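Chains as they are written, first to last, in this note's numbering: chain F, 1 to 97; chain W, 1001 to 1219. Step one of this worksheet: look at the structure below.
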Amino acid sequence: MNTHEQTQSPRLPIIVFAALILLTISTVLLSGLDVGNTTSLLIAMAVASMKAGLVLYFFMHLNHEPLIFKLFLGVAFFTLLAIFVLTFSDYSFRVLA
Amino acid sequence: MTDQVLAVEHHHDEVGTRLGFWLFLYTELFLFAAFFLVYAVYRSSHLEDFKLAAENLNTTIGAVNTIILLTSSLTMVLSLDALKKGSVKLAKLLLLATVALGVAFLIIKGFEWSAKFDHHIFLQTVKGIAAGHGSPLLTPGEEMLPVGQVLFFGLYFVMTGTHALHIIIGATWMLIVYFWISKGSINPENHGVLERCGLYWHLVDVIWIFLFPLYYLVA
Chain F
1 MNTHEQTQSP RLPIIVFAAL ILLTISTVLL SGLDVGNTTS LLIAMAVASM
51 KAGLVLYFFM HLNHEPLIFK LFLGVAFFTL LAIFVLTFSD YSFRVLA
Chain W
1001 MTDQVLAVEH HHDEVGTRLG FWLFLYTELF LFAAFFLVYA VYRSSHLEDF
1051 KLAAENLNTT IGAVNTIILL TSSLTMVLSL DALKKGSVKL AKLLLLATVA
1101 LGVAFLIIKG FEWSAKFDHH IFLQTVKGIA AGHGSPLLTP GEEMLPVGQV
1151 LFFGLYFVMT GTHALHIIIG ATWMLIVYFW ISKGSINPEN HGVLERCGLY
1201 WHLVDVIWIF LFPLYYLVA
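This is the structure we're talking about:
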């Protein structure tokens, strides 16, 4: 059954929004920490991924979509991951003339 | 034969349409992924220049714009909810609020860009790409930015520029949807277009969620 047409109370979007704002503030504060370039970037990307996850799952209603929508997201994610990993497995080992 | 064609024309598969729209969104995602990949490679080879260049960007402005876009995503979600519940007036109001927040984002971005123009960062970036080192295009007394910083600002203008273009497209689409809601062709029973417009807007938001730390939090 398609549960997509159910209307929701505005409470859930507002809670998600509050979480997004809190994550934005924390990522700005965390960027001030002196933990080195790579760690700092990894923390920022981890927070950004959490925010993106919240938007995708709740605001874009993936929580109400059939399984196939989530499979598509998974395929897109792993394709991107493969492209990044393969690029860096090449680029990191190049001997630059 | 004619009956069959008519049957096909009248059949409307809302879930299938939405799935197709998600596929389109993934093509948008991969467009930006190519930019992110170039950013990642150049950042790894010009780490210090990227950090120095990023100091020219104002974290507060970036954070404010992030909050503006997140808020616009919330008003978009609430607008669709309102329309589904039959509160057409509220849905239209929230849709207009979403457009207004998108415009606010663009205005702030515009001020940010023009500050960069005033500091000749844009011009030096262009000259840097066109002419390389020791450029004859440089006027006497003008200094070339280091290559790594030229790459940083080149990517900054291309990525935020492409993103801003998506904001303009999204806001224009919303105004068209607003007009259709006013006309009644989009209504509580037939809200698929507003839903897809919302999906597009949220994707633009997701892309900004990743642009923000890569440009404003790496100094």
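By construction, the Cβ of each residue, glycine as well, lies at the ideal position given by its N, Cα and C atoms. Since this is a predicted model, take the numbers as computed values, not measurements.
- LEU56 (chain F) has a beta carbon lying within less than 8 Å of a beta carbon in chain W.
- In chain order, SER1079, LEU1080, LEU1083, ALA1091, LEU1095, VAL1177, ILE1181 and ILE1186 place their CB closer than 8 Å to the CB of LEU1194 (chain W), counting only its own chain and leaving out the 5 sequence neighbours on each side.
- Straight-line spacing of the CA atoms in PHE17 (chain F) and THR1017 (chain W) works out to 27 Å.
- When DSSP states are grouped into helix, strand and coil, ASN37 (chain F) belongs to the helix group.
- As summarised for the segment 1026-1109 of chain W, the continuous alpha helix (DSSP H) elements at least 4 residues long and confined to that stretch are 1047-1054 and 1059-1084, given in chain order.
- A Cβ of chain F is located within less than 8 Å of the beta carbon of TYR1026 (chain W).
- Distances from the CA of TYR57 (chain F) to each of W:SER1073, W:ALA1100 and W:THR1172 were compared; the closest alpha carbon is that of W:SER1073.
- Counting the other Cβ atoms within 10 Å of the Cβ of GLU1189 (chain W) gives fewer than 16, which makes it exposed.
- For LEU1106 (chain W), the closest alpha carbon among the candidates W:LYS1116, W:PHE1122 and W:ILE1167 is that of W:ILE1167.
- Around the beta-carbon of PHE1032 (chain W), 16 or more other beta-carbon atoms lie within 10 Å, marking it buried.
- With three or more CB-CB distances shorter than 8 Å, the segment 36-52 of chain F counts as touching the segment 1198-1213 of chain W.
- Between the alpha carbons of LEU30 (chain F) and GLY36 (chain F) lies a distance of about 12 Å.
- Residue W:ALA1104 holds the alpha-carbon nearest to the alpha-carbon of VAL1064 (chain W) among W:LEU1155, W:HIS1119, W:ALA1104 and W:TYR1039.
- GLY74 (chain F) sits exposed, since fewer than 16 C-beta atoms from the chains shown fall within 10 Å of its C-beta.
- Taking the Cα positions, SER1114 (chain W) is about 10 Å away from ILE1108 (chain W).
- In this structure, the straight-line span from the alpha carbon of PHE1117 (chain W) to that of VAL1150 (chain W) is close to 14 Å.
- Apart from the 5 residues on each side of it in sequence, VAL47 (chain F) sits with its Cβ closer than 8 Å to the Cβ of LEU23, SER26, THR27 and LEU30 in its chain, given in chain order.
- Within the model, the alpha-carbon separation for THR1066 (chain W) versus HIS64 (chain F) is close to 26 Å.
- Within chain W, the residues whose beta carbon sits less than 8 Å from that of LEU80 (chain F) are LEU1029, PHE1030 and ALA1033, listed in sequence order.
- For LYS51 (chain F), the nearest CB of chain W lies under 8 Å from its own CB, placing it at the interface with that chain.
- Comparing alpha-carbon positions, the option among F:ARG94, F:THR79, F:SER92 and F:VAL95 lying closest to ALA1034 (chain W) turns out to be F:THR79.
- When rounded, the separation of the alpha-carbon atoms in GLY1020 (chain W) and TRP1173 (chain W) is 18 Å.
- Around the beta carbon of GLY1110 (chain W), fewer than 16 other beta carbons lie within 10 angstroms, which makes this residue exposed.
- Proximity of chain F to TRP1022 (chain W) at the Cβ level (cut-off 7 Å) is accounted for by PHE69 and PHE72, in chain order.
- The C-beta distance from VAL1099 (chain W) to ALA1171 (chain W) rounds to 5 Å, short enough to meet the 8 Å contact threshold.
- Contact of SER31 (chain F) with chain W by beta-carbon distance below 9 Å involves THR1059, PRO1213, TYR1216, LEU1217, VAL1218 and ALA1219.
- Under the criterion of beta carbons closer than 8 Å, PHE59 (chain F) and PRO10 (chain F) do not qualify as touching, at roughly 12 Å.
- Rounded to the nearest angstrom, the gap between the Cα atoms of HIS1202 (chain W) and LEU1145 (chain W) is 36 Å.
- Going by DSSP, ARG11 (chain F) is part of the alpha helix (DSSP H) stretching over 11-31.
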